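Going by the numbering used here, the sequence shown opens with residue 12, and the numbers climb by one from there. No residue lacks a Cβ here, since even glycine has one placed at the ideal position from N, Cα and C. Only a predicted model underlies this, so the values are computations on that prediction, with no experimental measurement involved.
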Amino acid sequence: LAYDYEIDLTRKLDELGVNHDFTLLDIYKITLWKLNRFPYIEDIGNFMQKFNDLASYSTLTPEAEEATKDVLKLLLSTKGIRLPMASTYLRFRNPDLFQIMDQRVWRIVQQYLGKTDTDYPYLDDVDSQIDKYFNYLKDLRKLANEKNIQFRDADRAFYEWDIKKGNKLKRTSSKTTNGVSRNPNKE
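1) Starting from Thr89, follow the alpha helix (DSSP H) in both directions and report where the run begins and ends.
2) Tell me whether Glu26 sits in a helix, a strand or coil according to DSSP, three-state version.
3) Quick check: what's the CA-CA separation for Ile18 versus Lys126?
4) Which class does Asp135 belong to by DSSP, given the choice of helix, strand or coil?
5) Evaluate the contact criterion for the segment 110–125 versus the segment 63–83: three or more CB pairs, one atom per stretch, below 8 Å.
6) For a test of the three-state rule: what should DSSP assign to Ile160, helix, strand or coil?
7) To the nearest angstrom, how far is the alpha carbon of Asp107 from that of Val29?
8) With distances taken Cα to Cα, identify the nearest neighbour of Leu86 among Asn156, Arg163 and Thr99.
9) Taking contact to mean 3 or more Cβ pairs, one atom from each stretch, closer than 8 Å, check whether the segment 133–151 and the segment 73–93 are in contact.
10) Compute the Euclidean distance between the alpha carbons of His31 and Gly56, then round it to the nearest angstrom.
11) Does DSSP put Pro106 in a helix, in a strand, or in coil?
12) In the structure shown, what three-state DSSP assignment does Ser67 receive?
13) Using 8 Å for Cβ pairs, my map puts Pro50 next to Ile111. What's the rounded Cβ distance?
14) May I ask you to report which of helix, strand or coil DSSP gives Met4?
15) Count the other CB atoms within 10 Å of the CB of Gln60; is the residue buried (16 or more) or exposed (fewer)?
16) For Leu124, does the three-state DSSP call read helix, strand or coil?
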């Protein structure tokens with residue numbers, strides 16, 4: 012039998028050996044290996060440059076939006092990364108421009124807009140996901156302004172608000188995308 016689970020990462024972790032002084036990064040890699048959530052981003056050097064450049068923007072100008080779309084296309088084409096995870100990376104890179112898009116905050120924003128269907132949209136098409144995210148940011152910014160909440164704190168404030176309202180996470184069955192089984196509630 013051939014063990015073919017996360018081949019490259021498994022090899023790298025096996026090579027650490029018993030004499031290796033583990034770092035926190037090693038622990039994180041092992042955790043991601045076990046959860047089968049280790050992202051393999053293509054052209055990592057190019058990605059990291061583009062991702063880090065997002066910190067230089069103070070407003071979502073057309074240039075910043077295009078740069079963000081490039082980063083999102085790279086992220087959303089990566090196995091194991093969907094919009095909730097991609098938006099989390101962006102939020103920690105530049106919280107004044109980006110916020111996490113997940114079930115809870117999505118529901119609050121949709122209620123604010125007067126929508127009756129507040130279920131989180133799981134989209135497979137990368138461009139549709141990106142469009143949905145930019146519309147979400149615009150709506151979230153409006154809601155945050157109306158509620159006198161700094162945008163950089165909006166995802167956290169509305170996440171907690173959703174919990175206080177007694178809302179539960181919608182459990183959906185795992186879906187297969189590009190041959191990869193995923194559970195959207197773990198993203």
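Put simply:
1) Walking along the sequence shown from the start, residue 89 turns up at place 78. Looking at the DSSP string, Thr89 is not in any alpha helix (DSSP H), and its letter there is neither H nor E.
2) For the purposes of this step, residue 26 is taken as the residue at position 15 of the sequence shown. If DSSP states are grouped into helix, strand and coil, Glu26 belongs with the helices.
3) Your numbering for residue 18 matches position 7 in the sequence shown. Your numbering for residue 126 matches position 115 in the sequence shown. Those two C-alpha atoms are separated by around 45 Å.
4) The count along the sequence shown starts at 1 and reaches residue 135 at position 124. In this structure, Asp135 counts as coil in the three-state DSSP scheme.
5) no
6) In the sequence shown, the residue the question calls residue 160 occupies position 149. Correct three-state label for Ile160: coil.
7) Looking up residue 107 in the sequence shown gives position 96. Looking up residue 29 in the sequence shown gives position 18. Going by the C-alpha atoms only, they are around 43 Å apart.
8) Within the sequence shown, the letter at position 75 stands for residue 86. When each option's Cα is compared against that of Leu86, the closest is Thr99.
9) Yes: the two stretches touch, three or more of their Cβ pairs being nearer than 8 Å.
10) Numbered from 1 along the sequence shown, position 20 holds the residue referred to as residue 31. Numbered from 1 along the sequence shown, position 45 holds the residue referred to as residue 56. In a straight line, the C-alpha of His31 is about 26 Å away from that of Gly56.
11) Translated into positions along the sequence shown, residue 106 becomes position 95. DSSP places Pro106 in coil when its eight states are reduced to three.
12) Sequence index remark: in the sequence shown, residue 67 carries index 56 (1-based). In this structure, Ser67 counts as helix in the three-state DSSP scheme.
13) One-based indexing of the sequence shown puts residue 50 at position 39. One-based indexing of the sequence shown puts residue 111 at position 100. About 17 Å separates the two Cβ atoms, so there is no contact after all.
14) Since the first residue shown for the chain is 12 and the last is 198, residue 4 is missing from the structure and cannot be characterised.
15) The residue you call residue 60 lines up with position 49 of the sequence shown. Residue burial annotation: Gln60 is exposed, with fewer than 16 other C-beta atoms found within 10 angstroms of its C-beta.
16) Translated into positions along the sequence shown, residue 124 becomes position 113. Three-state result, Leu124: coil.
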